[in-house]
Amino acid sequence: MPDTKTASVPTSPQRANQRVAWFNGQIMPESEVKISFRDRGVKYGDGAFDTTRTFSHRIFRLKEHLDRFYKTLRYLRLDPGVSSAELSRITEDVLARNLHLLDKDDDYWVSQRITRGAEGVDYLPSTPNVIVECLPLPLKERAVLYRDGIKVITPAVRRAPPEVMSPRAKTHNYLNMIVANNEVMSQDPLAWAVLLDMQGNLAEGMGSNIFLVRDGQLLTPRVRNVLPGISRQTVIELAESHGISVHETDIDLYDAYTADECFLTSTSLCICPVQSINGSSFAASGLPGPVTKHLTNAYIKLVDCDFVGQYLRRL
Ligand code: PMP
1 MPDTKTASVP TSPQRANQRV AWFNGQIMPE SEVKISFRDR GVKYGDGAFD
51 TTRTFSHRIF RLKEHLDRFY KTLRYLRLDP GVSSAELSRI TEDVLARNLH
101 LLDKDDDYWV SQRITRGAEG VDYLPSTPNV IVECLPLPLK ERAVLYRDGI
151 KVITPAVRRA PPEVMSPRAK THNYLNMIVA NNEVMSQDPL AWAVLLDMQG
201 NLAEGMGSNI FLVRDGQLLT PRVRNVLPGI SRQTVIELAE SHGISVHETD
251 IDLYDAYTAD ECFLTSTSLC ICPVQSINGS SFAASGLPGP VTKHLTNAYI
301 KLVDCDFVGQ YLRRL
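The opening position of the sequence shown corresponds to residue 1 in the numbering used here, with each subsequent residue numbered one higher.
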C-alpha cells in the first residue's frame, strides 16, 4: 500500500458525505486540500494533470493515462516525487474511498494533478503539490449530446502549434482552448469548439479528439498537433480490429464538409456523434451514422458498460 496517512477522520455527517482526495501523501476531505495563491500552478498554470473515468465503478486504462501523465511531467521537467506505480495504487485507493458516495448508475472522473508549488521569498518554487481526486461525470448535462449530436464550430483562434507548446502534453494551461471556446459559445452556447491548427487543418477540442468517416474509413489529425487521447487510441484499436482503416493525416474543412460522419472522442464521452460542423450537417447518414454506431457498440462491449444508455437515461 502507498504511504497514505488519513489526515482527518471525517467526524460530522457532513464530512462523512464529502469526497476525499489524496494531497501530498495524505487522504483528506476535499475541502481541506489547500494550495497557496503563490503556487506557480495558480500564478502561471505551471502544472499538469490527467484524467481517466470509471465504467460501472471500475477505472479504465489507468496505466495509459499515467504513462501520458509522466511524459507530460518529463516535458515540463517536473518531478512529482512519487512513482507511476505508487500513483496508480493511490488512485485506486482514492477511488475506493469515494465509491460509497456514487449512485449505482453514476461514474467518476478520476484525476491526478500536480503544480510546481509555491514560490518562496527567493522566488523559486519549493516542492510540487500532488493531488488525486474524483468527480462525478456530468452525465445529465451531456445527455442531450447523444440524442442530438454535438454542434461543432471552428473558432478563429488556432490551436497552439508544437513549436509554441506541445499539444501532446496535458498541462494545466488550457487558456488557448478556453479563449477559443468562449468565442464559439458566444455564437452558440450549445456548440463545442474544435480548433484548427496553424495550417487550417482540424486539430482538437478543449477536451476531445475529432474523427471523420469517409467511404467507410476513419480520418483523424496526426498526433503531432493534438493530445494523444486515450479514447482516440481506443477507437483506433477498435476500428483496426473491426477491419475499418484509420488514416492519421491532415484533414481540412473541405474534408469535414464532405465527410459522411463525424464524431468526437474523450474520456467522458467515449464516442459521441457530431451533428454539424459550422452548420454543415451530417444528418444525411443518420445520427449516429452507421460507422459511428458500429464503433460505439464495439466500445460499449470493450468497457462492458452501456455509456450511451447511461447518458440517455438522464434525459
Ligand atoms: N484533447 C485535449 C486537449 C484534451 O484535454 C482531451 C481530454 N483529455 C482530449 C483531447 C481527449 O483525450 P482523452 O481521450 O484521453 O480524454
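Every residue gets a Cβ at the ideal spot worked out from N, C-alpha and C, and that includes glycine.
Practice task
Return the chain-ordered list of same chain residues with a C-beta closer than 6 Å to the C-beta of N181, the five sequence neighbours on each side being excluded.
Solution key: If you number the sequence shown from 1, residue 181 lands on position 181. Excluding positions up to five away in sequence, the list reads A193 and M206.
Practice task
Measuring alpha carbon to alpha carbon, tell me which of A298, I277, Q199 and Q217 ends up nearest S231.
Solution key: Along the sequence shown, read from residue 1 onward, the residue named residue 231 stands at position 231. Selected option, being the one with the closest Cα: A298.
Handout entry: Of the listed residues I277, G279 and C270, nearest to K293 (C-alpha basis)
Key = Translated into positions along the sequence shown, residue 293 becomes position 293. The residue with the shortest Cα to Cα distance from K293 is C270.
Exercise for the section: Output the boundary residues of the beta strand (DSSP E) element that contains Y299. Expected result: Sequence index remark: in the sequence shown, residue 299 carries index 299 (1-based). For Y299, no beta strand (DSSP E) segment is defined; the enclosing uninterrupted segment is the alpha helix (DSSP H) at P290 to V303.
Exercise for the section: Using beta-carbon positions only, say whether T154 and L195 come within less than 8 Å of one another. Expected result: Counting from one through the sequence shown, the residue named residue 154 turns up at place 154. Counting from one through the sequence shown, the residue named residue 195 turns up at place 195. Yes, these two residues count as a Cβ contact at 8 Å.
Exercise for the section: Could you check the C-alpha separation between C272 and F263 for me, to the nearest Å? Expected result: By 1-based counting over the sequence shown, the position of residue 272 is 272. By 1-based counting over the sequence shown, the position of residue 263 is 263. In this structure, the alpha-carbon of C272 lies about 5 Å from that of F263.
Practice task
Check whether the Cβ atoms of A96 and L76 lie closer than 8 Å to each other.
Solution key: The residue you call residue 96 lines up with position 96 of the sequence shown. The residue you call residue 76 lines up with position 76 of the sequence shown. The Cβ-Cβ distance between A96 and L76 does not fall below 8 Å.
Practice task
Grab the span of the alpha helix (DSSP H) containing V235 for me, first residue to last.
Solution key: The residue you call residue 235 lines up with position 235 of the sequence shown. Counting along the chain, the alpha helix (DSSP H) containing V235 begins and ends at I230 to S241.
Problem - Three-way DSSP call (helix, strand, coil) for H65 in this model - result: As a first step, residue 65 must be located in the sequence shown, where it is residue number 65. DSSP places H65 within a helical segment (H, G or I) once states are collapsed to three.
Practice task
Note the first and the last residue of the continuous beta strand (DSSP E) segment covering Q217.
Solution key: In the sequence shown, the residue the question calls residue 217 occupies position 217. Looking at the DSSP string, the run of the beta strand (DSSP E) that includes Q217 is Q217 to T220.
Handout entry: Contact under 8 Å by Cβ, D50 with H65
Key = Mapped onto the sequence shown, residue 50 falls at position 50. Mapped onto the sequence shown, residue 65 falls at position 65. Going by C-beta atoms, D50 is nearer than 8 Å to H65.
Problem - For Y108, three-class secondary structure by DSSP - result: Locating residue 108 in the sequence shown gives position 108, counting from the first residue. Under the three-state reduction of DSSP output, Y108 falls in the strand class.
Handout entry: Burial state of K301 (16 or more Cβ within 10 Å)
Key = Counted from its first residue, the sequence shown places residue 301 at position 301. When all chains shown are included, K301 counts as exposed.
Exercise for the section: Out of R19, G309 and F55, point me to the one whose CA is closest to V303's CA. Expected result: Start at 1 with the first residue of the sequence shown, and residue 303 comes out as number 303. Looking from the CA of V303, the closest CA among R19, G309 and F55 belongs to F55.
Exercise for the section: Go ahead and pull the three-state DSSP assignment for T115. Expected result: Against the sequence shown, residue 115 aligns to sequence position 115. T115: strand per DSSP, three-state reduction.
Practice task
Could you spell out where the alpha helix (DSSP H) holding G207 opens and where it closes?
Solution key: As a first step, residue 207 is located in the sequence shown; it is residue number 207 there, counting from the start. Counting along the chain, G207 falls outside any alpha helix (DSSP H), and DSSP gives it neither H nor E.
Handout entry: Cα-Cα separation between N278 and K151, rounded to whole angstroms
Key = Numbered from 1 along the sequence shown, position 278 holds the residue referred to as residue 278. Numbered from 1 along the sequence shown, position 151 holds the residue referred to as residue 151. If you take the alpha carbons of N278 and K151, they lie about 8 Å apart.
Practice task
Flag this pair as yes or no: are the beta carbons of D105 and Q275 separated by less than 8 Å?
Solution key: In the sequence shown, the residue the question calls residue 105 occupies position 105. In the sequence shown, the residue the question calls residue 275 occupies position 275. A distance of 8 Å or more separates the beta carbons of D105 and Q275.
Handout entry: Own chain, CB closer than 6 Å to N176, minus 5 neighbours either side, in chain order
Key = Position 176 of the sequence shown holds residue 176. Within the same chain, N176 has close Cβ partners A160.
Handout entry: For R97, the first and last residue of its enclosing alpha helix (DSSP H)
Key = The residue given as residue 97 occupies position 97 in the sequence shown. Element bounds for R97: S84 to N98.
Handout entry: Within 8 Å, strictly: CB atoms of S208 and S166
Key = Here residue 208 refers to the residue found at position 208 when the sequence shown is read from its first residue. Here residue 166 refers to the residue found at position 166 when the sequence shown is read from its first residue. The Cβ atoms of S208 and S166 do not sit closer than 8 Å to each other.
Problem - Which listed residue (R313, Y254 and D215) has its alpha carbon closest to that of N285 - result: For this step, residue 285 is matched to residue 285 along the sequence shown. Here residue 285 turns out to be Ser, not Asn, going by the sequence shown. Among R313, Y254 and D215, the Cα nearest to that of S285 belongs to D215.
Exercise for the section: Could you work out which residue in V226, K34 and Y70 is closest to A118 when comparing CA atoms only? Expected result: Position 118 of the sequence shown, counted from the first residue, corresponds to residue 118. That would be K34, whose Cα lies nearest to the Cα of A118.
Exercise for the section: Pull up the distance between the alpha-carbon of R116 and that of A21, whole angstroms please. Expected result: Working through the sequence shown from its first residue, we reach residue 116 at position 116. Working through the sequence shown from its first residue, we reach residue 21 at position 21. Each residue's alpha carbon lies about 18 Å from the other.
Practice task
Name the residue from D122, G81, A256 and Y146 whose alpha carbon lies nearest to the alpha carbon of T296.
Solution key: What you label residue 296 is simply residue 296 of the sequence shown in a count that begins at 1. Closest option to T296, Cα to Cα, is Y146.
Problem - M177 CB to nearest heavy atom of the ligand PMP below 7 Å - result: Along the sequence shown, one-based indexing puts residue 177 at 177. Yes, the Cβ of M177 comes within 7 Å of a heavy atom of the ligand PMP.
Problem - Simplified DSSP state of N201, which is helix, strand or coil - result: Taking the first residue of the sequence shown as position 1, residue 201 is located at position 201. N201: strand per DSSP, three-state reduction.
Problem - C134 vs N98 beta-carbon contact at 8 Å - result: The residue you call residue 134 lines up with position 134 of the sequence shown. The residue you call residue 98 lines up with position 98 of the sequence shown. Yes.
Problem - Where R58 sits in the DSSP three-state scheme - result: As a first step, residue 58 must be located in the sequence shown, where it is residue number 58. Three-state result, R58: strand.
Problem - Distance between K63 and R53 (C-alpha atoms, nearest Å) - result: In the sequence shown, the residue the question calls residue 53 occupies position 53. In the sequence shown, the residue the question calls residue 63 occupies position 63. So the two alpha carbons sit approximately 12 Å from each other.
Practice task
Look up M185 in the DSSP assignment and say whether it is helix, strand or coil.
Solution key: The residue given as residue 185 occupies position 185 in the sequence shown. Helix.
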